[in-house]
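Colleague: Offset between the sequence shown (1-based) and our numbering: plus 121. Note that CB positions come from ideal geometry on N, CA and C, so glycine has one too. The structure that follows is given in the form of structure tokens.
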Amino acid sequence: MKKFEINVSQKYNYYIERGILDELGSMLRENFGPCKIIVVTDDMVDSIYGNRVAVSLTKAGFKTISYVFERGEQSKNFFVLNDLLEFMAENYITKKDILVSLGGGVVSDVSGFAASVYSRGIRYVQVPTTFLSAIDSSVGGKTAVNIKAGKNLIGSIYQPSMVVCDPDTFDTLEPVVYAQGTAEAIKLGIIGDKRMFARLSKATFHRNIEDLIESCVKIKADIVVEDEFDEGGRQLLNLGHTFAHSIEKNSKYKISHGSAVAMGLAMASKAAAARGICKPEVYEKINEALIRNGLNTKCRISPEKIAEGMLNDKKRRGDILNMVFPKKLGKCEIFPIPVDEVIDVVKDAMEIGKENMTGVDDNMDVYKDAPVQRVLLAAALSDRETIFKINNSDADLEIIIGCLRELGAETEIRSGGLCKVTPFSMNKDPGSSGFLPIINCGENPTALRLLVPVMAALKKEAFVSGTGQLAKTPFNDIIETMEPMGSVFRFDHFPFELSGELRSGDFKFDSSVCEIFLSGLLMALPLLEGDSTVVINGGLGSYEYTDKTIRVLKEFGVSIEKNGDGFAIKGDQKYISPKGFEINDLI
């Protein structure tokens, strides 16, 4: 078990261990003695862990009651807070008793605020069940609810008495929820640990999640200890959040906090690069790290609305809004921005690195920013051998090469970075031996989400497996999208068998669609007999990862028409191998 102390004004211990949730009762008994406990959670967490926690507390001799509210940011309001406080009073909770916060950031913020004001403050224990809450809301004591004017405008700084983190609870998270916690971890790496940032950029951190949680918590704790009440250096922790809170508010909280933070981090680094605060490569590395971890970095809300929402931010001091920008990876600074210049900052954030939406200049080397995994797949789908140059190879590249080999495409990397791909069309079908091929995606979510739609389009039957955290990750979004279009998934967990086909038609998504999966579909749909459309609910702004995929497809002779709501894809298109080229591998 990992145990370390957070040395704020009210010191408390932070515990991390897999399976520790079942020991919660004995830990509270040992640290606090007999009392009444109120467990505050949301309906989703309660359905998964409520009974386990109740059993653990009851076995330890605690009299336990629970308060459950509807999950989601919409519950972080005065109505829920007031109802919780009334419930506590009706059940005679006293200053001797303990509130246990079981859940993610919304649960933590509401329950922590309730604990801080009930009887002028009672003890509370945080039990985070998401990666985001484990490294963010569990450290530092910030509690709050939202009001109409903005996010977290009403709250307090009130430290918990203990934090008990069981990383096993992360295994039930949807991929998008897990990724949202990664945005906060990336933020901490940008602020204070470039080595941790580099590790997160590879998206292979899940195997040592306990160590990563400890590193993140200690980075944040060190900053909080120096400025517990958010008057100076603690504002560094708001990197990306000034943008993010406005994005959340303007979306009416349909965009989650973690997703908004990812957009905010990209925007803050874009603005910093535009203003000469950091080099453009800092933005590029941050943006690619976020995308690699399954996060969308493009915001489709107007600059004017974002700027308006930012003016109600907690970091505003009169006519000055304190904003945090990276100077380099591992170092950020606070910059006072006059409120009448905020709109200019937002416009900088939304313009630098903007893609050419009308098409690609024929003289542009499109492979300067095209991730190599998509080029490998396009080459495997083409009509003849393709030779190109890459700058480096890594474990993820080896995984997708192995997957393509099992499906019938051979890849050879020669000296000097020359890569030769022999496409599916020139090799025998690997299924002809009578055994289904096993496609092992390892811990590479990009390989999984790019390959599965293409496999279905080619009617390639296979067993698909994953390892590490990927093996524990649900892929319901893939199943729900592809099964109505003819694909058959035997099992909804790894390893699963894929068979059937992918039929052309109309595909509809909301704005939270995983861009990697969307790119996989866009690579698969041109292969089908009929035409298809992809519609993004709310209209299409700019999806950077997807834009790069379209640029790769264009080089291979595949055309996709982009419109305000999504994409129109003609069927019966052929991938045509281009002439030799170089690719700068950003993955």
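CB Leu518 to CB Val542, shorter than 8 Å?
Modeller: Not in contact: Leu518 and Val542 (Cβ atoms no closer than 8 Å).
Colleague: So which of Glu405, Cys286, Ser586 has the shortest CA-CA distance to Glu527?
Modeller: Here the closest residue by C-alpha is Ser586.
Colleague: Within the same chain, show all residues whose beta-carbon is closer than 7 Å to that of Ser554, passing over the 5 residues directly before and after it, in chain order.
Modeller: For Ser554, the predicted model reports a pLDDT of 43, less than 50, meaning its position is unreliable and no value from the coordinates is stated.
Colleague: Can you tell me whether Lys436 is buried or exposed, with buried defined as 16 or more other CB within 10 angstroms of its CB?
Modeller: Lys436 comes out buried.
Colleague: Could you pull out every unbroken beta strand (DSSP E) segment of at least 3 residues lying fully inside the stretch 411–480, listed in chain order?
Modeller: Listed in chain order, they are 441–449, 452–459.
Colleague: Take Gln195 and list the residues in its own chain whose beta-carbon comes closer than 8 Å to its own, dropping the five residues that flank it on each side.
Modeller: Closer than 8 Å at the Cβ level, and outside the excluded window around Gln195, lie Tyr374.
Colleague: Counting along the chain, where does the alpha helix (DSSP H) carrying Tyr670 start and finish?
Modeller: Rather than Tyr, the amino acid found at residue 670 in this sequence is Thr. First-last of the alpha helix (DSSP H) with Thr670: 665–676.
Colleague: According to DSSP, is Asp167 helix, strand or coil?
Modeller: Looking at Asp167 - three-state DSSP - the assignment turns out to be helix.
Colleague: With C-beta atoms as the reference, is Phe364 less than 8 Å away from Ala394?
Modeller: The answer is no: Cβ separation not under 8 Å.
Colleague: To the nearest angstrom, how far is it from the Cα of Asn484 to the Cα of Gln356?
Modeller: Its pLDDT being 24, under 50, Asn484 is placed unreliably in this model, and the value from its coordinates should be taken loosely. If I take the Cα positions, the gap works out to 44 Å.
Colleague: Return the CA-CA distance between Ile243 and Val176, expressed in angstroms with no decimal places.
Modeller: One C-alpha to the other measures close to 23 Å.
Colleague: Just how far apart, CA to CA, sit Ile137 and Val338?
Modeller: Going by the C-alpha atoms only, they are around 11 Å apart.
Colleague: Can you have a look at Ile697 and say buried or exposed, based on whether 16 or more other CB atoms are within 10 angstroms of its CB?
Modeller: Exposed, by the Cβ-count rule.
Colleague: Among residues of its own chain, excluding the 5 on either side of Val345, which ones have a beta-carbon nearer than 7 Å to its beta-carbon?
Modeller: Closer than 7 Å at Cβ, skipping near neighbours: Val129, Val260, Gly261, Arg355.
Colleague: Any idea if Gln301 is buried or exposed, counting beta-carbon neighbours within 10 angstroms, 16 or more meaning buried?
Modeller: When all chains shown are included, Gln301 counts as buried.
Colleague: Considering only C-alpha positions, which residue in the set Leu294, Ile278, Ala428, Arg320 is nearest to Leu442?
Modeller: The residue with the shortest Cα to Cα distance from Leu442 is Ala428.
Colleague: List in chain order: all unbroken alpha helix (DSSP H) runs of 4+ residues lying wholly within the stretch 553–599.
Modeller: Fully enclosed alpha helix (DSSP H) runs of 4 or longer: 566–578, 589–592.
Colleague: From Ala491 to Ala381, what distance separates their C-alpha atoms?
Modeller: For Ala491, the predicted structure reports a pLDDT of 43, less than 50, and the residue's modelled location is therefore unreliable. A value from the coordinates is still provided. Approximately 24 Å between the Cα atoms of the pair.
Colleague: Thinking C-beta only, is Ser632 closer than 8 Å to Ile690?
Modeller: Result no, Cβ atoms of Ile690 and Ser632 do not sit closer than 8 Å.
Colleague: Exposed or buried, which one is Asp693 when buried takes at least 16 other CB atoms within 10 Å?
Modeller: Per the 10 Å Cβ criterion, exposed.
Colleague: Straight-line CA distance for Thr670 to Lys406?
Modeller: Cα to Cα, the separation comes out at about 18 Å.
Colleague: Considering only residues of the same chain and omitting the five flanking positions on each side of Val467, which have a CB-CB separation below 7 Å?
Modeller: Contacts found: Pro424, Ile427, Ala428.
Colleague: Mapping the DSSP letters down to three states, classify Leu274 as helix, strand or coil.
Modeller: Three-state DSSP puts Leu274 in a strand.
Colleague: Below 8 Å between beta carbons: does that hold for Ala568 and Leu623?
Modeller: No. Outside cutoff.
Colleague: Determine the burial state of Asp613: buried for a count of at least 16 other Cβ atoms within 10 Å of its Cβ, exposed for fewer.
Modeller: Exposed, because fewer than 16 other Cβ atoms sit within 10 Å of the Cβ of Asp613.
Colleague: Considering only the alpha carbon of each residue, which of Lys216, Met165, Leu178 lies closest to Val189?
Modeller: Of the candidates Lys216, Met165, Leu178, the one whose C-alpha sits nearest the C-alpha of Val189 is Met165.
Colleague: Quick check on Met471: buried or exposed, where buried means 16 or more other Cβ atoms within 10 Å of its Cβ?
Modeller: With 16 or more Cβ atoms within 10 Å of its Cβ, Met471 is classed as buried.
Colleague: Which residues bound the beta strand (DSSP E) around Lys683?
Modeller: 681–683 is the span of the beta strand (DSSP E), which, as asked, contains Lys683.
Colleague: So, at 7 Å on beta carbons, what are the nonlocal neighbours of Cys453 in its own chain, with the 5 sequence-adjacent residues on each side left out?
Modeller: Here the set comprises Ile311, Ile312, Leu357, Leu360, Val445, Phe446, Pro447.
Colleague: Whole alpha helix (DSSP H) runs in the stretch 222–291 with 4 or more residues, listed along the chain?
Modeller: Runs found: 226–238, 252–256.
Colleague: Can you give the beta carbon distance from Pro249 to Ser229, rounded, assuming they're within the 8 Å contact cut?
Modeller: Yes, Pro249 and Ser229 are in contact; Cβ-Cβ is about 7 Å, under 8 Å.
Colleague: DSSP three-state call for Lys541: helix, strand or coil?
Modeller: In the structure shown, Lys541 sits in a strand (DSSP, three-state: E or B).
Colleague: On the criterion of 16 or more Cβ atoms from any shown chain inside 10 Å, does Phe509 qualify as buried, or is it exposed?
Modeller: That one is buried.
Colleague: Looking at the secondary structure, which residues open and close the beta strand (DSSP E) in which Leu619 lies?
Modeller: Counting along the chain, the beta strand (DSSP E) containing Leu619 begins and ends at 617–621.
Colleague: May I have the straight-line CA-CA distance separating Pro605 from Leu639, to the nearest angstrom?
Modeller: Rounded to whole angstroms, Pro605 to Leu639 spans 16 Å at the Cα level.
Colleague: Where do the N-terminal and C-terminal ends of the beta strand (DSSP E) with Ala689 fall, by residue?
Modeller: 687–690 is the extent of the beta strand (DSSP E) around Ala689.
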